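Presented below is the structure to which this report refers.
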Amino acid sequence: MAKKLIGIDLGGTTTKFAFIDTKGNILAKWRIPTDISEHGSHIVPNMIKSISDQMRKEDYNTEDFFGIGMGTPGAVDREKGTVVGAYNLGWDIVQPVGATISANLANSAALGEYWKGAGDTAQDVVFITLGTGVGGGVIANGKLVHGINGGAGEVGHITVVPNGYQCTCGKRGCLEQYASATGVVHIAKDMAQTFTGKSRIKELIDGDEDLTSKMVFFLADNGDILANQIVDRVCSYLGLALSHIGNTLNPENIIIGGGVSNAGNTLLQPTTRYFQENAFPSVRDSTKLKLAQLGNDAGVIGAASLALQFRNNQPFAAK
Ligand SMILES: [Zn+2]
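Position 238 of the sequence shown, counted from 1, bears residue number 238 in the working numbering, the numbering being contiguous throughout.
The structure is reproduced here in structure tokens:
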């Protein structure tokens, strides 16, 4: 029987798992809640138990697998096999994660899209995820770029507005504050204040009702003038940031994923226009903006791809 890989996408509320073949096809996938109590000390034991249970259920044993790859929040020390600063997991101290290979979440999603999704056969791909925050991953010559301190691909913190909105990282004007789901709503609230025409968005904000980025894109599609102005502004910042990435790396594809990217062409078309306006001619003519294809599976698939390196390495030691 051909050996398989295990991918783990460790999130703050849910941990997703998959058994994956060496071509990147999902054979089985499941999820468990992430128990972040007691400084996250249950996370690793729970993951090991869940994998063992699933192996038993599918009649596999550890010899059927090359290894485990994991995407995790926080900074990964690949040499020591530890994770630090994953505060949303309750991991405020260094956590040993043992015989697995880890990358941060956006990086593993980037690897997933590179391997099986919108990356095609390109060797130079940048992935950007627009969710609650904005993350990213850079793949150059087929390899994930880590940087000197693990900070490569932090595209959410490219400054798009000098002295703009305060960011959680301590800086101001980061892309994350304008192109994440919360950023879109923040822009909507600001623009509604000065908008004088008729708009459902303005009614919702003035009535103190809940507004989501999904509603902004939906209303833009349905002809709401303010919603269209908001989307245009979001896309202008996103397109500008992506042009900086394009001008620096000239990747074949820049892949846009995460919940905000569900807006599809309503997001992609104006973003592409602003990207092209700001991109250097040779970049404009060659780097393509694309929507991600794997959705929620990108993380587990990319994480599993990390474990491919066990293939010619030491055997997978079961716990
Ligand atoms: Zn920031």
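Just so it is clear, CB atoms sit at the ideal spot from N, CA and C, and this is done for glycine as well.
The structure displayed is predicted, hence computed values, not measured ones.
Which residues in the same chain as residue i place their Cβ atom closer than 7 angstroms to its Cβ, once the five residues preceding and following it in sequence are excluded?
i: glycine 264; result: Leu291
i: glycine 299; result: Asp9, Lys16, Gly71, Leu105, Ser108, Ala109 and Gly112
i: phenylalanine 65; result: Lys3, Lys4, Leu5, Ile6 and Phe316
i: glycine 156; result: Gly133, Val134, Gly135, Gly136, Cys174, Leu175 and Glu176
i: tryptophan 30; result: Phe17 and Gln54
i: lysine 198; result: none
i: arginine 172; result: Asn163, Gly164, Tyr165 and Gln166
i: alanine 304; result: Leu5, Ile6, Gly7, Ala18, Ile20 and Gly69
Does DSSP classify residue i as helix, strand or coil?
i: proline 33; result: strand
i: alanine 122; result: coil
i: cysteine 138; result: The identity of residue 138 in the sequence shown is valine, whereas the question assumes cysteine. Strand at valine 138.
i: leucine 144; result: strand
i: alanine 110; result: helix
i: glycine 223; result: coil
i: asparagine 25; result: coil
i: aspartate 9; result: strand
i: asparagine 250; result: coil
i: glutamine 293; result: coil
i: phenylalanine 217; result: helix
i: threonine 168; result: coil
i: leucine 322; result: Lying outside 1 to 319, the shown extent of the chain, residue 322 is not represented and no answer is given.
i: lysine 288; result: strand
i: lysine 321; result: A query on residue 321 cannot be resolved here, the shown segment of the chain reaching from 1 to 319 and no further.
i: glycine 156; result: helix
Do residue j and residue i come within 9 angstroms of each other at the CB atom, strictly closer than that value?
i: lysine 3; j: glutamate 63; result: yes
i: isoleucine 301; j: isoleucine 48; result: no
i: valine 138; j: alanine 152; result: yes
i: isoleucine 51; j: isoleucine 68; result: yes
i: tyrosine 178; j: valine 234; result: yes
i: aspartate 120; j: asparagine 253; result: yes
i: asparagine 61; j: methionine 55; result: yes
i: glycine 131; j: glycine 258; result: yes
i: leucine 308; j: lysine 116; result: no
i: glycine 326; j: tyrosine 274; result: In the structure as shown, the chain begins at 1 and stops at 319. Residue 326 is therefore absent and cannot be evaluated.
Mark residue i as exposed unless 16 or more other C-beta atoms lie within 10 angstroms of its C-beta, in which case mark it buried.
i: isoleucine 245; result: buried
i: aspartate 9; result: buried
i: proline 281; result: exposed
i: leucine 27; result: exposed
i: proline 270; result: buried
i: glutamate 176; result: buried
i: proline 162; result: exposed
i: serine 286; result: exposed
i: aspartate 208; result: exposed
i: isoleucine 255; result: buried
i: leucine 306; result: buried
i: isoleucine 201; result: buried
i: isoleucine 148; result: exposed
Relative to the alpha-carbon of residue i, which residue among the options has its alpha-carbon at the smallest distance?
i: asparagine 228; options: Ala241, Leu240 and Lys214; result: Lys214
i: valine 126; options: Asp208, Thr248 and Asp232; result: Thr248
i: aspartate 297; options: Glu38, Arg56, Ala118 and Ile36; result: Ala118
i: threonine 196; options: Leu226, Glu176, Ile187 and Leu219; result: Leu226
i: leucine 144; options: Arg284, Pro251, Arg31 and Asn46; result: Pro251
i: serine 180; options: Asn222, Trp115, Thr266 and Ser261; result: Ser261
i: aspartate 53; options: Leu306, Lys116, Ile32 and Pro73; result: Ile32
i: threonine 129; options: Ile148, Gly147 and Glu154; result: Glu154
i: alanine 279; options: Gly147, Leu242, Leu306 and Asp206; result: Leu242
i: valine 160; options: Ser236, His146 and Glu38; result: Ser236
i: threonine 182; options: Thr168, Gln193 and Thr194; result: Thr168
Among residues of its own chain, excluding the 5 on either side of residue i, which ones have a beta-carbon nearer than 6 angstroms to its beta-carbon?
i: leucine 204; result: Leu211
i: valine 231; result: Ala220
i: lysine 288; result: Asn253
i: valine 216; result: Val184, Ala188, Ala227 and Ile230
i: threonine 272; result: Leu289
i: tyrosine 114; result: Val125 and Ile139
Please list, in chain order, all residues of the same chain as residue i whose beta carbon is under 8 angstroms from its beta carbon, the five residues on each side excluded.
i: asparagine 141; result: Gln123 and Asp124
i: aspartate 35; result: His42, Ile43 and Asn46
i: threonine 14; result: Arg31, Ile32, Pro33 and Thr34
i: threonine 266; result: Phe217, Ala220, Asp221 and Val231
i: isoleucine 158; result: Cys174, Leu175, Ala241, His244 and Ile245
i: alanine 192; result: Ser199, Ile201, Lys202, Ile205, Asp206 and Leu226
9 angstroms is my cut-off, CB to CB: does residue i come that close to chain B?
i: glycine 24; result: Among the chains in the structure shown there is no chain B, since it carries only a single protein chain.
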